[in-house]
Amino acid sequence: MAIALVDSVSKQGTGSGGAGTTASIDTTGATFLFAVIAYIGRGAGSTHPSISDSKSNVWLPVLTETDTDGTCLQCYASISPTVGTGHTFTPVGAFNSVAVAAFSGTHLTFPVGYGRVANGGTATSCAPGSITPGRDNSLVLAALAYRDVESVSADGSFTVAEQQIYVAVNAIGVALAYLIQTTAAAANPTFSWTNSEACTSGTAGSLR
């Protein structure tokens, strides 16, 4: 079975209470879940985030990166999860936003790997660095935490599945993009936006 996006969802944070629970999606048929949490990693009220979902799945931490001013991302993966209708996701932590995507056709036991992260500093774009999956038929994922009030784009044939912009005092902006490869090749997406702001990004690959 070829890899495919099943469904996705995102939610913007509302200050110290964080993003809270997302709207529900239908993850029926998904074999892999990937979540990106963008959050403030320094200052009053900052906490390292975790995630849970309405199907009580196990989530493995995959990528962690912190910008110099505390613009952070944390990614989690759930492999061979329990899925279905009415599926919601709840990040725990303050000043965060979350994006989640569900995929079918991925390997049922091989853990997510080949992670790369990059501290982008202050810029209008950020690329995490090149990764090359170890075999054909792979899913490559890209994550971004950023502080611009404008939406983002991604190059390198990546599709932005979900994003939420930055809201001052409330939440760091987040984006989740993906690339489905039939032939393994180097991938290094660049996220771009309008204004020069703090950012950090990461990539990970999951084998079919």
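Okay, so the sequence shown: first residue is -17 according to the working numbering, each after it adds one. Quick reminder that beta carbons are idealized off the backbone N, C-alpha and C, glycines included. Bear in mind that the values here come from a model prediction, so they are computed numbers and not experimental data.
Next item on the list: Check each candidate in Ile162, Gly138, Ala153 and Cys181 and name the one with the smallest Cα separation from Thr172.
Entry: When each option's Cα is compared against that of Thr172, the closest is Gly138.
Checklist line | C-beta atoms of Gly155 and Ser79 nearer than 8 Å | finding: Contact: yes.
Note to self: Can you look up Gly(-5) in the DSSP assignment and give me helix, strand or coil?
What the structure shows: Look at Gly(-5) here: in three-state DSSP terms it is coil, with no helix or strand label.
Next item on the list: Look at the alpha carbon of Gly187 and the alpha carbon of Cys57, and state the distance between them as a whole number of angstroms.
Entry: Approximately 12 Å, taken between the alpha carbons.
Next item on the list: Enumerate, from N- to C-terminal direction, the unbroken alpha helix (DSSP H) stretches of 4 or more residues contained entirely within the stretch 116 to 164.
Entry: Taking only runs of at least 4 residues, no alpha helix (DSSP H) segment lies wholly in the stretch 116 to 164.
Next item on the list: Taking only the alpha-carbon atoms, compute the straight-line gap between Thr165 and Ser120 and give it to the nearest angstrom.
Entry: In a straight line, the C-alpha of Thr165 is about 8 Å away from that of Ser120.
Checklist line | Reduced DSSP category for Thr182 - H, G, I as helix; E, B as strand; rest coil | finding: Looking at Thr182 - three-state DSSP - the assignment turns out to be strand.
Next item on the list: Please determine if the stretch 81 to 91 and the stretch 127 to 134 are in contact, where contact requires at least 3 C-beta pairs separated by less than 8 Å.
Entry: Touching, no, given that fewer than three Cβ pairs across the two stretches are closer than 8 Å.
Next item on the list: Leaving aside the five residues before and after Cys108 along the sequence, list all residues of the same chain whose C-beta is less than 8 Å from its C-beta, in chain order.
Entry: The residues Ala100, Gly102, Leu126, Tyr128, Thr172, Phe173, Cys181, Thr182 and Ser183, in chain order, have a CB closer than 8 Å to that of Cys108 in the same chain once the five nearest residues on each side in sequence are set aside.
Item checked: Cα-Cα separation, Pro110 to Leu123 -> Distance between the alpha carbons of Pro110 and Leu123 is about 11 Å.
Check: Cα separation between Leu15 and Asn177?
Finding: Approximately 31 Å, taken between the alpha carbons.
Item checked: Cβ-Cβ distance between Leu(-13) and Ala143 below 8 Å -> With contacts defined as CB atoms closer than 8 Å, Leu(-13) and Ala143 qualify as a contacting pair.
Next item on the list: Can you give me the Cβ contacts of Ala168 inside the same chain, cut-off strictly under 6 Å, excluding the 5 residues immediately before and after it?
Entry: Around Ala168, the same chain offers Ser112 and Thr114 as residues with beta carbons nearer than 6 Å, after the five sequence neighbours per side are excluded.
Notebook entry, point to check: Three-state secondary structure (DSSP) at Ile113?
Noted result: DSSP places Ile113 in strand when its eight states are reduced to three.
Note to self: Short of 6 Å in beta carbon distance, which residues of its chain neighbour Lys59, apart from the five on each side in sequence? Order them along the chain.
What the structure shows: This sequence places Ala at residue 59; Lys is not what is there. Exclusion of the five residues before and after Ala59 leaves Phe16, Leu42, Val44 and Val94 as the residues of its chain whose Cβ lies within less than 6 Å of its Cβ.
Next item on the list: Would you kindly report the start and end of the unbroken beta strand (DSSP E) that includes Ala20?
Entry: Membership of Ala20 in the beta strand (DSSP E) is indicated by the continuous run Phe14 to Ile22.
Next item on the list: Using only alpha-carbon positions, find the residue among Thr9, Pro63 and Ile162 that is nearest to Ser(-10).
Entry: Ranking the options by Cα distance to Ser(-10), first place goes to Thr9.
Note to self: Please report the straight-line C-alpha distance between Phe77 and His69, rounded to a whole angstrom.
What the structure shows: Cα to Cα, Phe77 sits roughly 23 Å from His69.
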